[in-house]
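Before any comments, here is the structure.
There are 2 protein chains.
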Amino acid sequence: MPRPRSALLSVELIVNAALKLVDETGDFSFPRIARELGVSQSSLYNRIESREHIIELLRAQLFEEIPPQPVADQSWQDAARMLIRSYRDRFAQHPKLVPLLVTQTVHAPVVMGMYEDLALTLERSGLPTEDIGPAIASIDYFALGAALDATAPDEVWDPSPEQFPALRRATACSGTSAERVARAFNFGLDVLVAGIEMRAKQEIY
Amino acid sequence: MPRPRSALLSVELIVNAALKLVDETGDFSFPRIARELGVSQSSLYNRIESREHIIELLRAQLFEEIPPQPVADQSWQDAARMLIRSYRDRFAQHPKLVPLLVTQTVHAPVVMGMYEDLALTLERSGLPTEDIGPAIASIDYFALGAALDATAPDEVWDPSPEQFPALRRATACSGTSAERVARAFNFGLDVLVAGIEMRAKQEIY
DNA sequence: GGAAATAAATGAATATGATTCATTTTATGC
DNA sequence: GCATAAAATGAATCATATTCATTTATTTCC
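Line order of the protein sequences matches chains R and V.
My numbering numbers the first residue of the first sequence as -14 and each following residue consecutively.
My numbering numbers the first residue of the second sequence as -14 and each following residue consecutively.
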């Protein structure tokens, strides 16, 4: 109950406990973090402000775990693919965290670095300046949606053939849920990059 | 307190009250629905099972509000664009509802019809069968991400020029948040359709 | 017409969760 | 040593989801 020799708590301990709970159960709560760390619930408030604060710390942690990769010595297509993939991979490290993050799409400083790399890469593609913002956003949307789908439970995607014959044909050869998401992600990535290439060549407008 | 002449409650009343609260405040709760309808909290459980149940009813409602549009008499490109746009427009009707829906990506029966239309349309594009599933998923990811971004608060997307020059250039000419999202959506839509077209022509692989 | 079943609404209770705050105790700077 | 800040706490508040036995009204069926 009194103040101990060395502090029992730290922001890092709290965030790690929260992340562990999220990975295991898909959510965290103050009582469970406190139990995990062997402290009282109210003690947590000496280090952090609120639940939202913990979520923002988790977001930062997710983007600090993987260092950005150098990208300048590749074709812009390969560079873009690598950047988008690494963006998605960060979410894939802690899939259950994604739903907690996306409900408030904050463009935190940690994400900005990757956006900057992407902007530089897209400038090399020859895309007109006014299209670079929309291109980054589109990529963001795609990666976010894919990350969200990756967290969805393994469901049987089995449309009844009578009602939805085309859907039935389309999903006939799907493996596990993870494989399906991975295939979709690879497909969308190629298609997006190819589409941007066309747009850059002004073959669509 | 006793049983009234005519029922005070119905599933529809509950769902409408929940939707109204979501539109106004971004969330709903049992106490507030009950207050809104002038009934007791526990009465709600005579009609609905749980909070999740209400969310699923809201999801269904969102997709029933807008009837599906006939699509067979257009080029597959225009048809695809229309389908994706209408998918997104449903979310735009009730933006604040989106975060509640995406946290559990369920492919409810209501969405299946649109998927079927999309599958039929993509078959007309000449895309190989095994790519149709991934194409639908990619489009889904993109539309979902865009819908989520549309709910984000109007933030000042103003990267400091020293740190992020390319990002600065890319976002120089942005208007309101809604305009930015709309531009990004239109761009991504064109790019996706163009990319799929290339893929169908087997010019990328 | 009346008994039995069912529908509707309720109050009270339980459990979990976020958050505040005054209090106690310990460390630390001067 | 003393003032002050740091650390942890218990207790309290408030909101929420959910359960359940109970009361009353309506319906059904003989």
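Note that beta-carbon positions come from the ideal geometry of N, C-alpha and C, so glycine has one too.
Keep in mind it's a predicted model, so treat the numbers as computed, not measured.
* Asked: So, is the C-beta of V:Asp116 closer than 9 angstroms to a C-beta in chain R?
  -> For the purposes of this step, residue 116 of chain V is taken as residue 131 along the second sequence, with counting starting at 1. Yes, V:Asp116 counts as interfacial toward chain R.
* To do: Taking the CB atoms as reference points, tell me whether R:Leu85 and R:Asp134 lie closer together than 9 angstroms.
  => Here the question's residue 85 of chain R lines up with position 100 in the first sequence. Here the question's residue 134 of chain R lines up with position 149 in the first sequence. Taking 9 angstroms as the Cβ cut-off, R:Leu85 and R:Asp134 do not qualify as a contacting pair.
* Quick one: what's got a C-beta closer than 8 angstroms to V:Leu177's C-beta in the same chain, skipping five residues either side? -> In the second sequence, counting from the first residue as 1, residue 177 of chain V sits at position 192. Cβ within range, chain order: Ile69, Ser123, Ile124 and Phe127.
* Asked: Is the CB-CB distance between V:Arg184 and V:Asp116 below 9 angstroms?
  -> In the second sequence, counting from the first residue as 1, residue 184 of chain V sits at position 199. In the second sequence, counting from the first residue as 1, residue 116 of chain V sits at position 131. For V:Arg184 and V:Asp116, yes; Cβs fall inside 9 angstroms.
* Whole alpha helix (DSSP H) elements within the region 10 to 82 of chain V, 4-residue minimum -> 15 to 22, 36 to 50 and 61 to 78
* Asked: Should R:His79 and R:Asp175 be called a contact, given that it needs their Cβ atoms to be closer than 9 angstroms?
  -> Within the first sequence, numbered from 1, the residue matching residue 79 of chain R stands at position 94. Within the first sequence, numbered from 1, the residue matching residue 175 of chain R stands at position 190. The answer is no: Cβ separation not under 9 angstroms.
* To do: Work out the CA separation of R:Ala157 and R:Phe170 for me, nearest whole Å.
  => Here the question's residue 170 of chain R lines up with position 185 in the first sequence. Here the question's residue 157 of chain R lines up with position 172 in the first sequence. In a straight line, the C-alpha of R:Phe170 is about 18 angstroms away from that of R:Ala157.
* Asked: Which residues of chain V have a Cβ atom closer than 9 angstroms to the Cβ of R:Val87, listed in chain order?
  -> Within the first sequence, residue 87 of chain R is the residue found at index 102, counting from 1. Going along chain V in sequence order, the residues near R:Val87 (Cβ under 9 angstroms) are Pro84, Val87, Thr88, Gly130 and Leu133.
* To do: With V:Thr114 as the anchor, note down where its alpha helix (DSSP H) starts and where it stops.
  => Mapped onto the second sequence, residue 114 of chain V falls at position 129. Thr114 to Thr136 is the extent of the alpha helix (DSSP H) around V:Thr114.
* R:Val7 CB to nearest chain V CB: under 9 angstroms? -> Walking along the first sequence from the start, residue 7 of chain R turns up at place 22. It does not: the Cβ of R:Val7 has no partner Cβ on chain V nearer than 9 angstroms.
* Excluding five sequence neighbours on each side, which residues of the same chain lie with their C-beta closer than 6 angstroms to the C-beta of V:Met26? -> Within the second sequence, the letter at position 41 stands for residue 26 of chain V. Looking at the sequence itself, residue 26 of chain V is Gln, so the reference to Met does not match. Hits under 6 angstroms: Phe15, Pro16 and Ala19.
* To do: Using beta-carbon positions only, say whether R:Leu82 and R:Leu4 come within less than 9 angstroms of one another.
  => Residue numbering aside, residue 82 of chain R sits at position 97 when the first sequence is read from its first letter. Residue numbering aside, residue 4 of chain R sits at position 19 when the first sequence is read from its first letter. Yes, the Cβ-Cβ distance between R:Leu82 and R:Leu4 is below 9 angstroms.
* Could you spell out where the alpha helix (DSSP H) holding V:Leu(-7) opens and where it closes? => What you label residue -7 of chain V is simply residue 8 of the second sequence in a count that begins at 1. Neither: V:Leu(-7) is in no alpha helix (DSSP H) and is coded neither H nor E.
* Asked: In whole angstroms, what is the alpha-carbon distance linking V:Ala131 and R:Thr88?
  -> Taking the first residue of the second sequence as position 1, residue 131 of chain V is located at position 146. Taking the first residue of the first sequence as position 1, residue 88 of chain R is located at position 103. Distance between the alpha carbons of V:Ala131 and R:Thr88 is about 13 angstroms.
* Identify which residue in V:Phe48, V:Leu22, V:Arg168 and V:Ala120 has its Cα closest to the Cα of V:Ala(-8). => The count along the second sequence starts at 1 and reaches residue -8 of chain V at position 7. When only C-alpha atoms are compared, the closest one is V:Leu22.
* Asked: For R:Thr106, does the count of other Cβ atoms within 10 angstroms reach 16, so buried, or fall short, so exposed?
  -> In the first sequence, residue 106 of chain R corresponds to position 121, counting from 1. Buried.
* To do: Can you tell me which of the three DSSP states R:Ser162 falls into?
  => Residue mapping note: residue 162 of chain R aligns to position 177 of the first sequence, counting from 1. Reduced to three states, the DSSP call for R:Ser162 is helix.
* Compare the C-beta of R:Arg165 against all C-beta atoms of chain V and say whether one is closer than 9 angstroms. => Residue 165 of chain R sits at position 180 when you count from the first residue of the first sequence. Output row for R:Arg165: interface = yes.
* To do: Check distances from the C-beta atoms of the region 167 to 180 of chain V to those of chain R and list, in chain order, the residues that come in under 7 angstroms.
  => Arg168, Ala169, Phe172, Gly173, Asp175, Val176, Leu177, Ala179 and Gly180
* Should V:Arg165 go down as buried or exposed, given a rule of 16 or more other Cβ atoms within 10 Å for buried? -> Position 180 of the second sequence, counting from 1, holds the residue named residue 165 of chain V. So V:Arg165 counts as buried.
* **As assigned by DSSP and simplified to three states, the class of V:Phe149** => Within the second sequence, the letter at position 164 stands for residue 149 of chain V. Residue state, collapsed to three classes: coil.
* **Residue interval of the alpha helix (DSSP H) (run including R:Thr106)** => Position 121 of the first sequence, counted from the first residue, corresponds to residue 106 of chain R. From DSSP, the alpha helix (DSSP H) with R:Thr106 extends over Pro94 to Arg109.
* When the cut-off is 9 angstroms and only beta carbons count, does V:Glu101 lie next to chain R? -> Counting from 1 along the second sequence, the entry for residue 101 of chain V is found at position 116. It does; some Cβ of chain R falls within 9 angstroms.
* Any chain R beta carbon closer than 9 angstroms to V:Phe127 -> For this step, residue 127 of chain V is matched to residue 142 along the second sequence. Yes, its Cβ sits closer than 9 angstroms to a Cβ of chain R.
* Check the Cβ of R:Arg36 against every Cβ in chain V and list those closer than 7 angstroms, keeping chain order. => Taking the first residue of the first sequence as position 1, residue 36 of chain R is located at position 51. Near R:Arg36 there are no residues of chain V at all, since even the closest Cβ is about 14 angstroms away, more than 7 angstroms.
* How about V:Met67: is its C-beta nearer than 9 angstroms to some C-beta of chain R? -> Start at 1 with the first residue of the second sequence, and residue 67 of chain V comes out as number 82. No, V:Met67 lies away from the interface with chain R (no Cβ there is under 9 angstroms from its Cβ).
* Asked: What is the C-beta distance between R:Met97 and V:Phe76, in whole angstroms, given that I count them as a contact (C-beta under 8 angstroms)?
  -> Position 112 of the first sequence holds residue 97 of chain R. Position 91 of the second sequence holds residue 76 of chain V. Between V:Phe76 and R:Met97 the Cβ distance is about 26 angstroms, and since that is not below 8 angstroms, they are no contact.
* Asked: Can you tell which of V:Ser110, V:Gly111 and V:Ala104 has the C-alpha that lies nearest to the C-alpha of V:Gly118?
  -> Taking the second sequence and counting its residues from 1, one reaches residue 118 of chain V at position 133. Closest by alpha carbon: V:Ala104.
* Inter-residue Cα distance where the pair is R:Ser60 and V:Ala2 -> Taking the first sequence and counting its residues from 1, the one referred to as residue 60 of chain R is at position 75. Taking the second sequence and counting its residues from 1, the one referred to as residue 2 of chain V is at position 17. Their Cα atoms are separated by approximately 53 angstroms.
* **Listed by chain order, chain V residues near R:Ser123 by CB distance under 9 angstroms** => Counting from one through the first sequence, the residue named residue 123 of chain R turns up at place 138. In chain order: Phe127, Gly130, Ala131, Ala169, Phe170, Phe172, Gly173, Leu174, Val176 and Leu177.
* To do: Report the rounded CA-to-CA distance for R:Pro113 versus V:Leu47, giving the unit in angstroms.
  => The residue you call residue 113 of chain R lines up with position 128 of the first sequence. The residue you call residue 47 of chain V lines up with position 62 of the second sequence. C-alpha separation (whole angstroms): 37 angstroms.
* Per-residue DSSP class, three states only, for R:Lys5 -> Sequence index remark: in the first sequence, residue 5 of chain R carries index 20 (1-based). The answer is helix: DSSP assigns R:Lys5 an H, G or I state.
* To do: Can you grab the Cα-Cα spacing for the pair V:Ala155 / V:Tyr72, in whole Å?
  => Looking up residue 155 of chain V in the second sequence gives position 170. Looking up residue 72 of chain V in the second sequence gives position 87. When rounded, the distance between both Cα atoms is 28 angstroms.
* Asked: Under the three-state reduction of DSSP, which class applies to R:Ala167: helix, strand or coil?
  -> What you label residue 167 of chain R is simply residue 182 of the first sequence in a count that begins at 1. Correct three-state label for R:Ala167: helix.
* For V:Ala157, name the three-state secondary structure that DSSP assigns. => Along the second sequence, one-based indexing puts residue 157 of chain V at 172. Coil, per DSSP.
* Asked: Between the C-alpha atoms of R:Arg198 and R:Ala64, what's the straight-line distance to the nearest angstrom?
  -> Nothing about residue 198 of chain R can be reported from this structure: the residues present for chain R run from -14 to 190 only.
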